[in-house]
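Under the numbering used here, the first residue of the sequence shown carries the number 85, and numbering increases by one thereafter.
Glycine residues also receive a C-beta, built at the ideal position from the N, C-alpha and C atoms.
On a predicted model such as this, the values are computed, not experimentally measured, just so you know.
Working notes, structure below.
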Amino acid sequence: MNNYSIFWTLNSRNDLNKIKNNISKSLMIRLINAPKEITFAEQFQLDEYRNDCRRIIVGNFKLLYQYSNNTIFIIRVFNSRHNPENSK
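In structure tokens:
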């Protein structure tokens, strides 16, 4: 359990909507629940392409997040096998 609020940005919600029909329900649930596993803001590595974000890996997907004022902001969700430049 954490003491953070989790906020899904418009981009991250759009990302989930784009992939939801192409992944299993269980993977979608894992993606949605992944930020709840953050116990401290710097727990995950900085992303190699977006050094302003940390990354959570779930299967072949990356969730990029930022932390500010006790809130975890989910910035993007994308298939890590695709070009990461498209996630900016």
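Terminal residues of the alpha helix (DSSP H) in which residue i lies
| i | result |
| --- | --- |
| K109 | 109-117 |
| S96 | 94-103 |
Whether residue i touches residue j by CB criterion (8 Å)
| i | j | result |
| --- | --- | --- |
| D136 | Q150 | yes |
| N144 | N117 | no |
| L148 | L115 | no |
| I158 | F91 | yes |
Residue i - DSSP class collapsed to helix/strand/coil
| i | result |
| --- | --- |
| I156 | strand |
| N135 | coil |
| L144 | With the sequence shown as reference, residue 144 is identified as Asn, and Leu is not the correct amino acid for it. DSSP places N144 in coil when its eight states are reduced to three. |
| N163 | strand |
C-alpha distance - residue i paired with residue j, whole-angstrom precision
| i | j | result |
| --- | --- | --- |
| K120 | S152 | 16 Å |
| I122 | N105 | 26 Å |
| N95 | Q127 | 23 Å |
| V161 | R97 | 8 Å |
| M112 | N87 | 23 Å |
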